[in-house]
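In our numbering, the protein residues as written are 7 to 189.
The beta carbon of each residue, even a glycine, is placed where N, CA and C say it ideally should be.
Input: a single structure, listed below in C-alpha coordinates.
Below you can see the structure in the form of C-alpha coordinates.
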(Lines of atoms letter the chains of each structure in order from A and count residues from 1; the text may use other names and numbers.)
(Lines give C-alpha, C1' and ligand atoms only; values in the text may rest on other atoms or scores of the structure.)
Protein backbone atom coordinates (compact mmCIF):
# COMPACT_ATOMS: atom_id res chain seq x y z
CA UNK A 1 0.00 0.00 0.00
CA UNK A 2 1.39 3.34 -1.06
CA UNK A 3 -0.32 6.28 0.58
CA UNK A 4 0.15 9.62 -1.17
CA UNK A 5 -1.16 13.10 -0.43
CA UNK A 6 -3.67 14.80 -2.73
CA UNK A 7 -5.42 18.16 -2.85
CA UNK A 8 -9.21 18.12 -3.16
CA UNK A 9 -11.23 21.20 -4.13
CA UNK A 10 -14.08 22.14 -1.83
CA UNK A 11 -16.31 25.10 -1.06
CA UNK A 12 -14.28 27.94 0.40
CA UNK A 13 -15.16 28.86 3.97
CA UNK A 14 -16.59 25.39 4.65
CA UNK A 15 -13.33 23.43 4.75
CA UNK A 16 -13.57 22.28 8.39
CA UNK A 17 -17.12 20.92 8.16
CA UNK A 18 -16.45 19.33 4.76
CA UNK A 19 -13.32 17.69 6.21
CA UNK A 20 -15.43 16.14 9.00
CA UNK A 21 -18.03 14.98 6.43
CA UNK A 22 -15.39 13.29 4.28
CA UNK A 23 -13.91 11.56 7.35
CA UNK A 24 -17.35 10.35 8.42
CA UNK A 25 -18.27 9.08 4.95
CA UNK A 26 -14.92 7.26 4.59
CA UNK A 27 -15.44 5.63 7.99
CA UNK A 28 -19.02 4.58 7.14
CA UNK A 29 -17.80 3.02 3.88
CA UNK A 30 -15.09 1.11 5.79
CA UNK A 31 -12.28 2.66 3.76
CA UNK A 32 -10.10 4.06 6.59
CA UNK A 33 -7.22 1.85 5.44
CA UNK A 34 -7.28 3.54 2.00
CA UNK A 35 -7.95 7.10 3.28
CA UNK A 36 -6.35 7.37 6.74
CA UNK A 37 -6.11 11.18 6.95
CA UNK A 38 -8.08 14.20 5.76
CA UNK A 39 -6.99 17.63 6.94
CA UNK A 40 -7.32 21.34 6.35
CA UNK A 41 -3.80 22.83 6.05
CA UNK A 42 -3.49 25.82 8.39
CA UNK A 43 -1.02 27.89 10.36
CA UNK A 44 -1.57 29.58 13.69
CA UNK A 45 -1.23 33.38 13.65
CA UNK A 46 -1.79 36.09 16.21
CA UNK A 47 -4.51 38.44 14.98
CA UNK A 48 -5.43 41.87 16.30
CA UNK A 49 -9.12 42.74 16.06
CA UNK A 50 -10.94 45.45 17.94
CA UNK A 51 -7.90 46.12 20.12
CA UNK A 52 -7.77 42.51 21.30
CA UNK A 53 -5.07 40.00 20.43
CA UNK A 54 -6.11 36.44 19.69
CA UNK A 55 -4.57 33.33 18.15
CA UNK A 56 -6.43 32.04 15.09
CA UNK A 57 -5.97 29.25 12.55
CA UNK A 58 -5.35 30.75 9.11
CA UNK A 59 -5.99 28.38 6.22
CA UNK A 60 -2.95 27.95 3.99
CA UNK A 61 -5.04 26.96 0.96
CA UNK A 62 -8.63 28.25 1.20
CA UNK A 63 -10.99 26.07 -0.80
CA UNK A 64 -8.84 22.92 -0.56
CA UNK A 65 -8.46 19.85 1.65
CA UNK A 66 -5.42 17.58 1.88
CA UNK A 67 -6.12 13.89 1.71
CA UNK A 68 -3.75 11.02 2.39
CA UNK A 69 -4.92 8.07 0.35
CA UNK A 70 -4.01 4.92 -1.56
CA UNK A 71 -6.19 5.43 -4.65
CA UNK A 72 -3.80 4.92 -7.56
CA UNK A 73 -4.70 1.30 -8.38
CA UNK A 74 -7.69 1.83 -10.69
CA UNK A 75 -8.04 -1.94 -11.13
CA UNK A 76 -8.97 -2.20 -7.44
CA UNK A 77 -12.71 -1.57 -6.94
CA UNK A 78 -12.06 -0.27 -3.39
CA UNK A 79 -9.75 2.40 -4.82
CA UNK A 80 -12.49 3.59 -7.18
CA UNK A 81 -14.98 3.47 -4.31
CA UNK A 82 -12.70 5.64 -2.13
CA UNK A 83 -12.46 8.24 -4.91
CA UNK A 84 -16.23 8.17 -5.35
CA UNK A 85 -16.88 8.57 -1.62
CA UNK A 86 -14.70 11.69 -1.56
CA UNK A 87 -16.08 13.15 -4.82
CA UNK A 88 -19.72 12.47 -3.84
CA UNK A 89 -19.42 14.33 -0.54
CA UNK A 90 -21.57 17.49 -0.71
CA UNK A 91 -19.61 20.70 -1.44
CA UNK A 92 -16.55 18.75 -2.63
CA UNK A 93 -15.27 19.46 -6.13
CA UNK A 94 -12.66 17.10 -7.48
CA UNK A 95 -9.07 16.05 -6.96
CA UNK A 96 -6.39 18.32 -8.37
CA UNK A 97 -4.96 16.77 -11.48
CA UNK A 98 -5.36 16.48 -15.18
CA UNK A 99 -8.27 14.87 -17.04
CA UNK A 100 -10.11 13.92 -13.84
CA UNK A 101 -7.22 11.82 -12.56
CA UNK A 102 -5.84 12.65 -9.09
CA UNK A 103 -2.18 13.72 -9.15
CA UNK A 104 -0.30 13.13 -5.87
CA UNK A 105 1.80 15.84 -4.26
CA UNK A 106 5.56 15.35 -4.23
CA UNK A 107 7.24 14.39 -0.96
CA UNK A 108 8.92 17.82 -0.87
CA UNK A 109 5.60 19.65 -1.17
CA UNK A 110 4.03 17.54 1.57
CA UNK A 111 7.02 18.04 3.90
CA UNK A 112 6.94 21.79 3.27
CA UNK A 113 3.24 22.03 4.17
CA UNK A 114 3.47 19.77 7.24
CA UNK A 115 6.57 21.61 8.53
CA UNK A 116 4.83 24.95 8.04
CA UNK A 117 1.85 23.68 10.02
CA UNK A 118 4.00 22.36 12.89
CA UNK A 119 6.27 25.44 12.95
CA UNK A 120 3.25 27.69 13.37
CA UNK A 121 2.53 25.96 16.68
CA UNK A 122 5.97 26.74 18.07
CA UNK A 123 6.59 30.20 16.59
CA UNK A 124 3.36 32.13 16.27
CA UNK A 125 3.49 34.75 13.53
CA UNK A 126 1.70 38.03 14.07
CA UNK A 127 -0.86 38.87 11.40
CA UNK A 128 -0.37 42.61 11.31
CA UNK A 129 -2.67 43.35 8.38
CA UNK A 130 -0.47 46.20 7.15
CA UNK A 131 1.95 46.35 4.25
CA UNK A 132 4.64 48.64 2.88
CA UNK A 133 3.19 51.89 1.52
CA UNK A 134 0.04 51.87 3.72
CA UNK A 135 -0.91 55.18 5.33
CA UNK A 136 -1.27 54.93 9.12
CA UNK A 137 -2.00 57.11 12.11
CA UNK A 138 0.10 56.66 15.24
CA UNK A 139 -2.15 56.26 18.28
CA UNK A 140 0.28 56.14 21.22
CA UNK A 141 3.71 57.25 22.36
CA UNK A 142 5.60 60.47 21.64
CA UNK A 143 4.35 60.56 18.04
CA UNK A 144 0.66 60.20 19.00
CA UNK A 145 -1.54 61.80 16.34
CA UNK A 146 1.12 61.84 13.59
CA UNK A 147 0.36 60.33 10.18
CA UNK A 148 2.94 58.35 8.27
CA UNK A 149 3.67 55.72 5.67
CA UNK A 150 4.71 52.14 6.44
CA UNK A 151 8.27 51.57 5.25
CA UNK A 152 8.84 48.07 6.66
CA UNK A 153 6.78 45.34 8.33
CA UNK A 154 8.44 42.82 10.70
CA UNK A 155 5.70 40.27 11.54
CA UNK A 156 8.01 37.99 13.54
CA UNK A 157 8.77 40.88 15.93
CA UNK A 158 5.34 42.52 15.73
CA UNK A 159 6.99 45.78 14.63
CA UNK A 160 6.50 48.29 11.82
CA UNK A 161 8.76 51.10 10.63
CA UNK A 162 6.79 54.23 9.82
CA UNK A 163 8.15 57.26 7.95
CA UNK A 164 6.90 60.37 9.78
CA UNK A 165 7.54 63.92 8.59
CA UNK A 166 9.00 65.95 11.48
CA UNK A 167 10.03 69.57 10.83
CA UNK A 168 9.78 68.92 7.08
CA UNK A 169 12.12 65.90 7.15
CA UNK A 170 11.15 62.24 6.74
CA UNK A 171 12.08 60.33 9.89
CA UNK A 172 11.82 56.54 10.35
CA UNK A 173 10.12 55.48 13.58
CA UNK A 174 9.95 51.86 14.83
CA UNK A 175 6.66 51.03 16.54
CA UNK A 176 4.73 48.01 17.76
CA UNK A 177 1.95 47.10 15.35
CA UNK A 178 -0.81 47.95 17.84
CA UNK A 179 0.51 51.51 18.14
CA UNK A 180 -0.70 52.33 14.61
CA UNK A 181 -4.01 52.14 12.78
CA UNK A 182 -4.77 52.36 9.06
CA UNK A 183 -6.01 55.72 7.82
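Heavy atom of the ligand FMN within 7 Å of residue i beta-carbon
i          : result
residue 68 : For the ligand FMN, the structure offers nothing, since it holds no ligand at all.
Proximity of residue i and residue j at Cβ, strictly below 8 Å
i           : j           : result
residue 28  : residue 71  : yes
residue 102 : residue 26  : no
residue 190 : residue 46  : The question about residue 190 has no answer here: the residues shown for the chain are numbered 7 through 189.
residue 168 : residue 179 : yes
residue 116 : residue 11  : yes
residue 98  : residue 73  : no
residue 224 : residue 164 : What the structure shows of the chain is the stretch from 7 to 189, and residue 224 is not part of that stretch, so it cannot be assessed.
residue 76  : residue 8   : yes
residue 202 : residue 85  : For the chain, the structure presents residues 7 to 189; residue 202 sits outside this window and is missing.
Selection from the options that minimises the alpha carbon distance to residue i
i           : options               : result
residue 155 : 90, 22, 161 and 187   : 187
residue 137 : 68, 166 and 181       : 166
residue 69  : 13, 134, 146 and 161  : 13
residue 159 : 176, 171, 67 and 139  : 139
residue 134 : 42, 24, 21 and 61     : 61
residue 122 : 171, 110, 50 and 91   : 50
residue 92  : 41, 114, 48 and 173   : 41
residue 88  : 177, 30, 153 and 148  : 30
residue 48  : 170, 172, 142 and 125 : 125
Residues sharing a beta bridge with residue i, DSSP
i           : result
residue 180 : 167
residue 145 : For residue 145, which the question treats as bridged, DSSP gives no partner whatsoever.
residue 187 : 143
residue 175 : 172
residue 160 : 165
Below-8 Å beta-carbon distance, residue i vs any chain B residue
i           : result
residue 183 : Absent here is chain B; the protein component of the structure consists of one chain.
Inset, instruction - Give a yes or no on contact between the region 33-42 and the region 97-116, applying the rule of three or more CB pairs nearer than 8 Å. - result: Not touching, per the Cβ criterion.
Inset, instruction - Report the residue ranges of all beta strand (DSSP E) runs contained in full by the region 14-101; include only those spanning at least 3 residues, in chain order. - result: DSSP runs (the beta strand (DSSP E)) wholly in the region 14-101: 43-45, 48-55, 58-65, 70-75 and 98-101.
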